[in-house]
Amino acid sequence: MYHPIIDGVITLFSSGWAVFYAVLGTAVGLIAGATPGLTASAAISMIIPLSFYLEPLSALIFVYTIGKAASFGGSIPAILFNTPGTPQASATQIEGYPLTRQGKQGKALKMAVIASALGDTFSECLLIFGAAFIAVYTVRMGPPEIFAVYCTAFVIIGSVIGSSMVRGLISTLLGILLSIIGLDPISSMPRLTFDVNYLETGIGLVPVLLGVFVVSEIFVQIADRGALGAERMLSKKSDVPEDNYVTWRDFKRCFPVMLKSTGMGTVIGMLPGVGASAACFVAYAEGKRSAKPGDKWGEGEIKGVAAAEAANNSVSGANIIPLLTLGIPGSVAAALLGGVFLIHGMNIGPKIFETERDTIYGLFASGLLCIACYFVMGYWGSGIIGRIIAKVPVRVIYPFIFITSIVAVYALRNTLFDVGMMFAFGFVGYFFKKFDYSLPAFIIAFILGPGAERALRQALLLSQDGAMIFLERPMAVLFIVLAVAVIAIRIYQTMREGKTSPG
Amino acid sequence: MLACTVILYIAALEIEEDPFGVGMEPYVFPIAICYVMGAMTLLLLGKSAAGAIRDGLFNADLQEIRLFFGWVLPMAAIAFAYLGLINLFQYLLPTAIILSATLAIFGNRGVKWLVTIPALASLFYYVVFFGIFRLLEPTGILIEYDNYYIFGAMRKFIGV
Numbered sequence: 008m009y010h011p012i013i014d015g016v017i018t019l020f021s022s023g024w025a026v027f028y029a030v031l032g033t034a035v036g037l038i039a040g041a042t043p044g045l046t047a048s049a050a051i052s053m054i055i056p057l058s059f060y061l062e063p064l065s066a067l068i069f070v071y072t073i074g075k076a077a078s079f080g081g082s083i084p085a086i087l088f089n090t091p092g093t094p095q096a097s098a099t100q101i102e103g104y105p106l107t108r109q110g111k112q113g114k115a116l117k118m119a120v121i122a123s124a125l126g127d128t129f130s131e132c133l134l135i136f137g138a139a140f141i142a143v144y145t146v147r148m149g150p151p152e153i154f155a156v157y158c159t160a161f162v163i164i165g166s167v168i169g170s171s172m173v174r175g176l177i178s179t180l181l182g183i184l185l186s187i188i189g190l191d192p193i194s195s196m197p198r199l200t201f202d203v204n205y206l207e208t209g210i211g212l213v214p215v216l217l218g219v220f221v222v223s224e225i226f227v228q229i230a231d232r233g234a235l236g237a238e239r240m241l242s243k244k245s246d247v248p249e250d251n252y253v254t255w256r257d258f259k260r261c262f263p264v265m266l267k268s269t270g271m272g273t274v275i276g277m278l279p280g281v282g283a284s285a286a287c288f289v290a291y292a293e294g295k296r297s298a299k300p301g302d303k304w305g306e307g308e309i310k311g312v313a314a315a316e317a318a319n320n321s322v323s324g325a326n327i328i329p330l331l332t333l334g335i336p337g338s339v340a341a342a343l344l345g346g347v348f349l350i351h352g353m354n355i356g357p358k359i360f361e362t363e364r365d366t367i368y369g370l371f372a373s374g375l376l377c378i379a380c381y382f383v384m385g386y387w388g389s390g391i392i393g394r395i396i397a398k399v400p401v402r403v404i405y406p407f408i409f410i411t412s413i414v415a416v417y418a419l420r421n422t423l424f425d426v427g428m429m430f431a432f433g434f435v436g437y438f439f440k441k442f443d444y445s446l447p448a449f450i451i452a453f454i455l456g457p458g459a460e461r462a463l464r465q466a467l468l469l470s471q472d473g474a475m476i477f478l479e480r481p482m483a484v485l486f487i488v489l490a491v492a493v494i495a496i497r498i499y500q501t502m503r504e505g506k507t508s509p510g
Numbered sequence: 027m028l029a030c031t032v033i034l035y036i037a038a039l040e041i042e043e044d045p046f047g048v049g050m051e052p053y054v055f056p057i058a059i060c061y062v063m064g065a066m067t068l069l070l071l072g073k074s075a076a077g078a079i080r081d082g083l084f085n086a087d088l089q090e091i092r093l094f095f096g097w098v099l100p101m102a103a104i105a106f107a108y109l110g111l112i113n114l115f116q117y118l119l120p121t122a123i124i125l126s127a128t129l130a131i132f133g134n135r136g137v138k139w140l141v142t143i144p145a146l147a148s149l150f151y152y153v154v155f156f157g158i159f160r161l162l163e164p165t166g167i168l169i170e171y172d173n174y175y176i177f178g179a180m181r182k183f184i185g186v
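Line by line, the protein sequences are chains A and B.
Read in order, the letters of the first sequence are residues 8 to 510 in this note's numbering.
Read in order, the letters of the second sequence are residues 27 to 186 in this note's numbering.
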C-alpha cells in the first residue's frame with residue numbers, strides 16, 4: 008500500500024542540501040546537547056536567523072534534527088561527567104555516572120544510544136503513520152473548537168510544568184500579552200506599543216528566544232562562577248572488554264524496559280508542554296519500581312540508562328503530533344519548529360497535510376535519517392565527543408556564544424533595537440529562572456497568543472449568541488471541561504501535598 | 027510581575043476603538059488577559075507575603091543579591107555598553123573590546139585570552155558576517171567607514 012512517506016523519502020534524497028542539513032543538524036545537535044549549559048533550545052534559537060536564508064525544507068530539517076540529536080547528546084556529559092547536557096538527561100546521570108565510576112562508560116554510552124534510537128524510531132513511526140490520521144478529524148474543527156484547544160493548552164502548559172501552578176499560569180499570560188504587542192491584525196490600531204515605532208511590527212520571535220534561552224543562561228552562569236573553571240575529568244576505562252560494549256545479554260535484559268519507557272515517553276510527548284524532562288523521570292521511576300532481584304538501581308544499573316534514554320527520545324517525534332494536528336507545540340523545541348514554519352509562510356495545523364504534503368513527509372523522512380546518523384555518530388563517537396567537551400572550559404564557550412547571538416539577532420532586520428530587545432529578554436529569562444516562573448510556558452504562549460486571539464475573534468464573529476458559541480459546540484465544551492479538570496486536579500494534588508494553597 | 031501587569035494594563039486602556047470594526051474590539055483581549063494576570067499576581071503576592079511573615083521578612087538570600095549586583099549587573103552593563111559602542115565606532119572595534127571584557131568577566135586571564143583571541147575572533151566574525159554573508163554594518167557616529175570596496179574585492183577573489 009502506497010504511503011506518502013515514500014514521497015517524503017524521495018523529496019529528501021532528491022535534494023542534496025536537505026540531506027546535508029539533516030546530517031549537519033544531527034552533528035550540531037549532538038554537540039549542543041553534549042555541551043553543558045548549551046541546550047537544544049539555545050542552539051536552535053541561534054540557528055533560526057540562519058534559517059531565513061535556507062529553503063523551507065532545509066530550514067525545517069536543520070531545526071528538527073538539531074532537537075532530535077540533542078536529546079541523545081545530553082546523555083554524554085550526564086554519563087561521563089555527572090552533568091546533564093540537557094534537562095532531559097537528568098535521569099540518565101543517576102545510573103550512568105556510577106557506571107562510569109566503575110569504568111563501564113563505554114557500555115553506558117552505547118546502551119544510551121541504542122535506547123535513544125529505539126525510542127525515537129517508535130515515536131517517529133507513530134508520527135509518520137498517525138499524525139495524518141488524527142488530522143483528518145482535527146481539520147473539521149472551527150474557530151470555537153480551536154480557541155478551546157488553545158485555552159486547554161495554555162492551562163496544561165501553565166499548570167503542569169514547574170512546581171508552582173500560579174507562577175506557570177502567570178508566565179503563560181505574560182507570554183500571551185507580549186505576543187499581541189504591535190498593530191491589531193484587523194483594525195491596524197497600535198496596541199501596547201508605548202509609542203515606539205519599532206514595536207508596531209511586534210516583538211520578534213528570535214530576540215525573545217535568544218534572550219530567554221541564551222542571554223539569560225549567560226547571566227545565570229556568570230552568577231554561578233564557581234563552577235565555570237572546573238575541569239571535567241574523564242574516568243579510566245575498565246580493562247574487561249565486556250564493560251566497553253553492550254552484550255546480547257545486556258540488550259535482552261533492557262529490551263522490556265526500553266519498550267515500556269518508549270510507550271510512556273510517547274504518550275507524555277503528545278501532551279502539550281509536558282516534555283521530555285518529565286518523561287525520563289516517569290520512565291526511570293517505573294523501571295526502578297519494577298526492579299528484579301539482582302538489579303543494582305542507584306549503584307549503576309544499565310536498565311536505568313535504557314529507561315531514561317528511551318523515554319526522553321521517544322518524546323521528540325510525539326511532540327510534533329499536536330503541533331501539526333492542532334497547531335499546539337508539545338515542547339519548546341516543537342514550538343521553535345513551529346516558528347520556522349511560520350517564518351517560511353506555512354500555517355501549522357491539520358490542513359498542512361494537504362497544502363505542504365511533500366515538505367511534511369520530507370521532514371518526517373529526515374527524522375529517520377537523523378536517527379540513523381546519531382546512532383552511528385553516538386555509538387562510535389560518544390567517547391571522542393566526551394574528550395572534546397572535557398578539554399573546552401565553559402568560561403570560554405559562553406563569551407563566544409554571547410557574541411554569536413548578538414550577530415544572529417542583528418542579522419534578522421539589521422537593527423540594533425532587536426539586539427536591545429534580546430538583552431531585555433535576557434533579564435526576563437534570568438528573573439524567570441531565579442524566581443521559578445516557567446520559561447517553556449512563556450515561550451509557547453508567546454508563539455500561540457496571536458493564534459488564540461484570532462480564533463476567539465473569528466468565533467465571536469460567527470456567533471449570534473456571543474460567548475455561548477463555546478457551549479454550543481461539543482468539542483469546544485470537551486476541551487473546556489478538560490482545562491477545568493486539569494486545574495482542579497492540580498489544586499487537589501497541591502492541597503494533598505500539604506501546601507496551604509497552589510502557588 | 028504586578029508592576030508589569032499594571033504597566034501593560036494602562037497601555038491597554040489607551041488602545042483606541044475601531045470605528046468601523048465588527049466583533050470584538052482590539053482592546054478587549056489584552057484587557058481581559060491583564061485582569062486575569064492581575065488576579066493571579068495578587069494571589070501570588072498574598073502567598074509570598076504570608077510566607078515572608080511566617081519565615082521572617084528579612085530572611086533574604088544575601089549571597090544571591092551579592093551575585094546579582096556583583097556579576098549579573100556588570101554583565102548586563104557590558105551588553106548595553108556594546109550597543110552604545112557599536113553606535114559610535116561600528117562593529118569591529120567594539121566587538122573586540124566587549125569580547126575581551128566578557129572573557130575577563132568569565133575568569134579568563136592573560137594576553138592570549140584578553141587581547142589576541144578577541145582581536146582575531148572579532149576579525150573572523152567581521153569577515154564572515156559582513157563580508158561573506160553581506161550583513162549591513164551599522165554606521166558609527168565617531169568612526170564611520172564603508173567596507174564595500176574591501177569586501178567586494180575579497181568576494182570577487184574567493185568567487186562568492
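Note that beta-carbon positions come from the ideal geometry of N, C-alpha and C, so glycine has one too.
Buried or exposed (CB count within 10 angstroms, at least 16 for buried), residue i
i, result
"A/E224", "buried"
"A/P192", "exposed"
"B/L99", "exposed"
"A/I101", "buried"
"B/A78", "exposed"
"A/A317", "buried"
Contact list for residue i against chain B, beta-carbon separation under 7 Å
i, result
"A/R464", "G49 and M50"
"A/R402", "F132, G133 and N134"
"A/Y405", "F132"
"A/L206", "Chain B residues near A/L206: none, gap ~10 Å exceeds 7 Å."
"A/L467", "G49 and M50"
C-beta neighbour in chain B for residue i, strict 8 Å
i, result
"A/Y437", "yes"
"A/P2", "Any question about residue 2 of chain A goes unanswered here, given that chain A covers just 8 to 510."
"A/L217", "no"
"A/D191", "yes"
"A/E460", "yes"
Distance between residue j and residue i (C-alpha atoms, nearest Å)
i, j, result
"A/F20", "A/R364", "16 Å"
"B/L28", "A/R480", "36 Å"
"A/T200", "A/I153", "28 Å"
"A/I135", "B/T121", "46 Å"
"A/V416", "B/Y53", "30 Å"
"A/R108", "B/A38", "58 Å"
"A/V173", "A/S284", "20 Å"
"A/R461", "B/E51", "12 Å"
"A/S171", "A/S22", "47 Å"
"B/E1", "A/A452", "Within the shown structure, residues of chain B are numbered from 27 to 186, placing residue 1 of chain B beyond reach of any answer."
"B/Y35", "A/I367", "41 Å"
"A/F434", "A/C158", "28 Å"
Chain-ordered neighbours of residue i on chain B, where CB pairs are closer than 9 Å
i, result
"A/F27", "In chain order: nothing, as chain B lies at least about 18 Å away."
"A/A230", "E90, L93, F94, G96, W97, V98 and M101"
"A/L67", "Result: empty, since nearest Cβ-Cβ is about 21 Å, beyond 9 Å."
"A/F477", "By Cβ distance, chain B contributes nothing, its closest Cβ being about 13 Å from A/F477, past 9 Å."
"A/R480", "Simply none; closest approach about 18 Å."
Chain-ordered chain A contacts of residue i [CB-CB under 7 Å]
i, result
"B/V62", "L180"
Beta-ladder partner(s) of residue i, from DSSP
i, result
"A/G189", "A/R198"
Interface flag, residue i vs chain A, CB-CB below 8 Å
i, result
"B/I25", "Past the boundaries of the shown model lies residue 25 of chain B; chain B is included only from 27 to 186, so the question cannot be answered."
"B/A78", "no"
"B/I123", "no"
"B/P120", "no"
"B/T142", "no"
"B/A29", "no"
"B/Y171", "no"
Chain A contact residues for residue i, given Cβ-Cβ distances below 9 Å
i, result
"B/I167", "Per Cβ cutoff of 9 Å: no residues; B/I167 is ~13 Å from chain A at best."
"B/Y151", "I410, T411 and V414"
Within chain B, the residues that residue i reaches when beta carbons sit closer than 8 Å
i, result
"A/G427", "F106 and L109"
"A/A418", "F155, F159 and L161"
"A/F434", "A102"
"A/V173", "M66, L69, L70 and K73"
"A/N421", "L161, L162 and P164"
"A/F226", "V98, M101 and A102"
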